[in-house]
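Q: What follows is a single structure, and I will ask about it in a moment.
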Amino acid sequence: MHKPAVVSGVILGMLALLLSGCPSDDVVVSYSDFFVPWDMSPYEFDGQPELEAPTRLIFADVAPDQEEFRDAELINVGRARLELESVSVEGPFELHYPEFLDGLPGELLPGESVLVQVSYRAESDQGVQGVMRVRTNDPEKAEHEIQLLANTDLPCLELLPVGPLRFGMVERGRPVERALRATNCSREVETRVWVEELEGDGGFAMADAADANGEERVLAAGETVLIPMVFTPTESREYRGRVRLNSDDLLEPQREVELVGEGAPPACPIAQIGVRGLEGGAEAAPRGEFLGRPLETVELTGRGSIAADGQPVVGYEWTLAERPGDTAVSLTENGDPSLQRLYLELVGRYVVELHVIDAEGTRSCEPARMVIQTRTDRDIHVQLVWDTPRDTRRDDRSGSDVDLHLLRDGRGGDWNSAPWDCHWQNKTPDWGVAGATNDNPGLDIDNVTGWGPENINLNEPESGVRYRVGVYYFSDHGYGESYATVRIYLGGELQLEMRRRRITNNQFWEVGDIIWPEQSIEIHDRVYAGFPAL
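Heads up: the sequence shown begins at 168 in our numbering, then just goes up one per residue.
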């Protein structure tokens, strides 16, 4: 409740003097104002209208038959339309709208304001009191009262912001300063104000030692001072507090302002990946792509990763996010978690991702990503992989034995015989120009424990020659049927993929012919009991 406006010359209930002083000249502070951006931090959106208006208007020493005017600015400091439902006065006062001849506007957009004038014509020199009521759709105060006092001049304190003093989101350990704006709204007499108490869950402090000690500030009539406060978060969370102020304003001697701030999440470390071929391949740029070769082993490093504030990177989380569908290769560590190796078993696309962790346990916000494309540079590259359902483990030393064959057709050669069938017993036959090696085929792996791969490569194929591709199930080793997949690459590009052809022990699958130099493929797709005669 508000006390009567007319009082004796003795001011009742004067509290102990606790506050004085101003911010130092070299400190720049600002009071809380929605429309002045403090920094680039996120700002909480409440989506509500909010009225800001004075709490009193004082008409001091108005002589009989004299008329005085006072201004009340109504401001929408919220973030939605403020509906002005009505403005009324009680007592010997009148309302005027100098900006609107037809009265108040119906609403104020965020940031808009309207000026309302109140006049008082004195009939005597006796003190009078009234009230101005502003009704809006502000959900926090649907009816705002402005005390009207005439022919009396009391200490008067106006404090902004009316609502919470918000510091926004602040980097941990970095002090940010905001200020309350205290104004002596009396036209004649001094007003005294001091800080009684600052409380909260940490992070907030008075910026001025005099305020922290509760020293009194004495404000001359109409004077405005700033009461600065500092917010220094140490954790990534929301902080709340309140500051209590006392004054010799008899109508509202105690004020309480809520303090709100948030410690920003710690800066994320930045993961970076470098890669190099162990056989002398060039290093790739972080977050880039690397071109590898089939059956090559590459080394990946995360040592280029960066943590914030000079902290070390202490943890590495590697993931093989993508690999060709018929390979089960994985990343392997060689005693150092910042380094990994990857065996490029098949032609195709491998994607490696890396998250890093700093000394405070903060994980990178997004992973580094390295795409490794494995391509063959041979004219002909034939790849065989197989799946044996009863062989459930790829990483042991037992499994089915399926063999890849490439036959140079047209010289009377037979399957499974030298020199015209390239297979596990004839890995690098002499084809093409006698004695030359660059035009000879080569089987790189004879896989006898299941799954594959087996690859045959050939550079400089002979013109007018057919190269026939076949697959022989040499031994199931007791594991039963298998499903073979063959891929044929010509000039580095996949030209044919035949997937999951079912074969059983000692069966032969004749896939088809590669015709050179047309670089075409004639599909046979026939299965025989053993090697067929030509």
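Glycine included, C-beta positions come from ideal geometry on N, C-alpha and C.
Every value quoted in this text rests on a predicted model; they were computed, and no experiment measured them.
Please report how far the alpha carbon of residue 459 lies from the alpha carbon of residue 562, in whole angstroms.
A: For the purposes of this step, residue 459 is taken as the residue at position 292 of the sequence shown. For the purposes of this step, residue 562 is taken as the residue at position 395 of the sequence shown. Their Cα atoms are separated by approximately 23 Å.
Q: Which residue's Cα is closest to the Cα of residue 373: 393, 363, 397 and 383?
A: Locating residue 373 in the sequence shown gives position 206, counting from the first residue. Cα-wise, what sits closest to residue 373 is 397.
Q: Would you call residue 769 buried or exposed, if buried means 16 or more other Cβ atoms sit within 10 Å of its Cβ?
A: Residue 769 cannot be examined here, being either before or after the span of the chain that is shown, 168 to 701.
Q: Excluding the 5 residues flanking residue 429 on each side, which residues of the same chain have their C-beta closer than 6 Å to its C-beta?
A: Here residue 429 refers to the residue found at position 262 of the sequence shown. Correct list, in chain order: 336 and 405.
Q: Between residue 291 and residue 227, what straight-line distance do the alpha-carbon atoms span, to the nearest angstrom?
A: By 1-based counting over the sequence shown, the position of residue 291 is 124. By 1-based counting over the sequence shown, the position of residue 227 is 60. If I take the Cα positions, the gap works out to 13 Å.
Q: Around the C-beta of residue 253, are 16 or more other C-beta atoms found within 10 angstroms, so that it is buried, or is it exposed?
A: Locating residue 253 in the sequence shown gives position 86, where the first residue counts as 1. Under this definition residue 253 is an exposed residue.
Q: Does residue 309 come out as helix, strand or coil in the three-state DSSP assignment?
A: For this step, residue 309 is matched to residue 142 along the sequence shown. Coil, per DSSP.
Q: Looking at residue 281 and residue 299, is the spacing between their C-beta atoms short of 8 Å?
A: Taking the first residue of the sequence shown as position 1, residue 299 is located at position 132. Taking the first residue of the sequence shown as position 1, residue 281 is located at position 114. No, Cβ-Cβ distance for residue 299 and residue 281 is not below 8 Å.
Q: According to the Cβ coordinates, are residue 554 and residue 403 closer than 8 Å?
A: Walking along the sequence shown from the start, residue 554 turns up at place 387. Walking along the sequence shown from the start, residue 403 turns up at place 236. Going by C-beta atoms, residue 554 is not nearer than 8 Å to residue 403.
Q: Please give the ranges of any beta strand (DSSP E) in the region 459–538, keeping only runs that are unbroken, at least 3 residues long and fully inside the region.
A: With a minimum length of 3 residues, the continuous beta strand (DSSP E) runs that stay inside the region 459–538 are 463–468, 480–489, 506–511 and 515–525.
Q: With the cut-off set at 8 Å, would you say residue 246 and residue 214 are in Cβ contact?
A: The residue labelled residue 246 in the question sits at position 79 within the sequence shown. The residue labelled residue 214 in the question sits at position 47 within the sequence shown. Cβ atoms of residue 246 and residue 214: closer than 8 Å.
Q: Under a CB-based cut-off of 8 Å, is residue 231 close to chain C?
A: No chain C is present in this structure, which holds just one protein chain.
Q: Would you report the Cα separation of residue 575 and residue 628, rounded to the nearest angstrom?
A: As a position in the sequence shown, residue 575 is number 408, starting the count at 1. As a position in the sequence shown, residue 628 is number 461, starting the count at 1. C-alpha separation (whole angstroms): 10 Å.
Q: Considering only the alpha carbon of each residue, which of 549, 680 and 651 lies closest to residue 666?
A: Taking the first residue of the sequence shown as position 1, residue 666 is located at position 499. When each option's Cα is compared against that of residue 666, the closest is 651.
Q: Count Cβ pairs between the region 510–530 and the region 477–496 that sit closer than 8 Å; are there 3 or more?
A: Yes, they touch.
Q: Pop quiz: residue 659 and residue 542 are said to be a contact at Cβ under 8 Å. What is the actual Cβ separation, rounded to whole angstroms?
A: Position 492 of the sequence shown, counted from the start, is the residue given in the question as residue 659. Position 375 of the sequence shown, counted from the start, is the residue given in the question as residue 542. Sure, about 5 Å apart at Cβ, within 8 Å.
Q: Check whether the Cβ atoms of residue 617 and residue 607 sit closer than 8 Å, and answer yes or no.
A: Residue mapping note: residue 617 aligns to position 450 of the sequence shown, counting from 1. Residue mapping note: residue 607 aligns to position 440 of the sequence shown, counting from 1. Cβ distance not < 8 Å, so residue 617 and residue 607 don't count as in contact.
Q: Could you tell me how far apart the beta carbons of residue 283 and residue 347 are, in whole angstroms, since I believe they sit closer than 8 Å?
A: Start at 1 with the first residue of the sequence shown, and residue 283 comes out as number 116. Start at 1 with the first residue of the sequence shown, and residue 347 comes out as number 180. The Cβ separation is near 25 Å, so there is no contact.
Q: Can you list, in chain order, the residues of its chain with a C-beta nearer than 6 Å to that of residue 545? Leave out the 5 residues immediately preceding and following it.
A: Taking the first residue of the sequence shown as position 1, residue 545 is located at position 378. Once the five neighbours on either side are set aside, the close Cβ partners of residue 545 are 624 and 626.
Q: Kindly indicate which residue of 269, 229 and 478 has the alpha-carbon position closest to the one of residue 295.
A: As a position in the sequence shown, residue 295 is number 128, starting the count at 1. Of the listed residues, the one whose Cα sits closest to residue 295 is 229.
Q: If we call anything under 8 Å between Cβ atoms a contact, is residue 675 one with residue 698?
A: What you label residue 675 is simply residue 508 of the sequence shown in a count that begins at 1. What you label residue 698 is simply residue 531 of the sequence shown in a count that begins at 1. In this structure, residue 698 lies closer than 8 Å to residue 675 by Cβ.
Q: Between the alpha carbons of residue 317 and residue 389, how many angstroms are there, rounded?
A: Taking the first residue of the sequence shown as position 1, residue 317 is located at position 150. Taking the first residue of the sequence shown as position 1, residue 389 is located at position 222. Their Cα atoms are separated by approximately 17 Å.
Q: My guess is that residue 287 and residue 331 are in contact by the Cβ rule of under 8 Å, so how many angstroms apart are they, rounded?
A: Here residue 287 refers to the residue found at position 120 when the sequence shown is read from its first residue. Here residue 331 refers to the residue found at position 164 when the sequence shown is read from its first residue. About 34 Å; that fails the 8 Å criterion.
Q: Taking residue 554 as part of the beta strand (DSSP E), name the residues at either end of that continuous run.
A: Here residue 554 refers to the residue found at position 387 of the sequence shown. Where residue 554 is concerned, the enclosing beta strand (DSSP E) stretches over 547–554.
Q: Quick one: using the 10 Å Cβ neighbour count with 16 as the cut-off for buried, is residue 507 buried or exposed?
A: One-based indexing of the sequence shown puts residue 507 at position 340. Buried: at least 16 other Cβ atoms inside 10 Å.
Q: When you compare only the Cα positions, how much space is there between residue 583 and residue 572?
A: The sequence position of residue 583 within the sequence shown is 416, counting from 1. The sequence position of residue 572 within the sequence shown is 405, counting from 1. In a straight line, the C-alpha of residue 583 is about 8 Å away from that of residue 572.
Q: When you compare each of 525, 686 and 564 to residue 644 by their alpha carbons, which one comes out closest?
A: The residue you call residue 644 lines up with position 477 of the sequence shown. Comparing Cα positions, the closest option is 564.
Q: Would you mind stating whether residue 567 and residue 646 have Cβ atoms separated by less than 8 Å?
A: By one-based count along the sequence shown, residue 567 stands at place 400. By one-based count along the sequence shown, residue 646 stands at place 479. Contact flag set, yes.
Q: Can you list, in chain order, the residues of its chain with a C-beta nearer than 7 Å to that of residue 678? Leave out the 5 residues immediately preceding and following it.
A: To locate residue 678, count along the sequence shown from 1; it is residue 511. Hits under 7 Å: 636, 637, 638, 653, 665, 691 and 692.
Q: Determine which residues share a DSSP beta bridge with residue 662 and list them.
A: Numbered from its first residue, the sequence shown carries residue 662 at position 495. In DSSP, residue 662 forms no bridge with anything.
Q: Leaving aside the five residues before and after residue 411 along the sequence, list all residues of the same chain whose C-beta is less than 6 Å from its C-beta, in chain order.
A: Your numbering for residue 411 matches position 244 in the sequence shown. The answer, listed in chain order, is 363, 364 and 423.
Q: Pick helix, strand or coil for residue 378, following the three-state DSSP scheme.
A: If you number the sequence shown from 1, residue 378 lands on position 211. Correct three-state label for residue 378: helix.
Q: Would you identify the three-state DSSP class for residue 392, choosing helix, strand or coil?
A: On the sequence shown, residue 392 is found 225 positions in, with the first residue counted as 1. Here residue 392 sits in strand by DSSP.
Q: Which residue from 297, 304, 498 and 270 puts its Cα closest to that of residue 276?
A: By one-based count along the sequence shown, residue 276 stands at place 109. For the residues 297, 304, 498 and 270, the minimum Cα distance to residue 276 belongs to 304.
Q: Just tell me which of 455, 570 and 661 has its CA closest to the CA of residue 681.
A: Taking the first residue of the sequence shown as position 1, residue 681 is located at position 514. The residue with the shortest Cα to Cα distance from residue 681 is 661.
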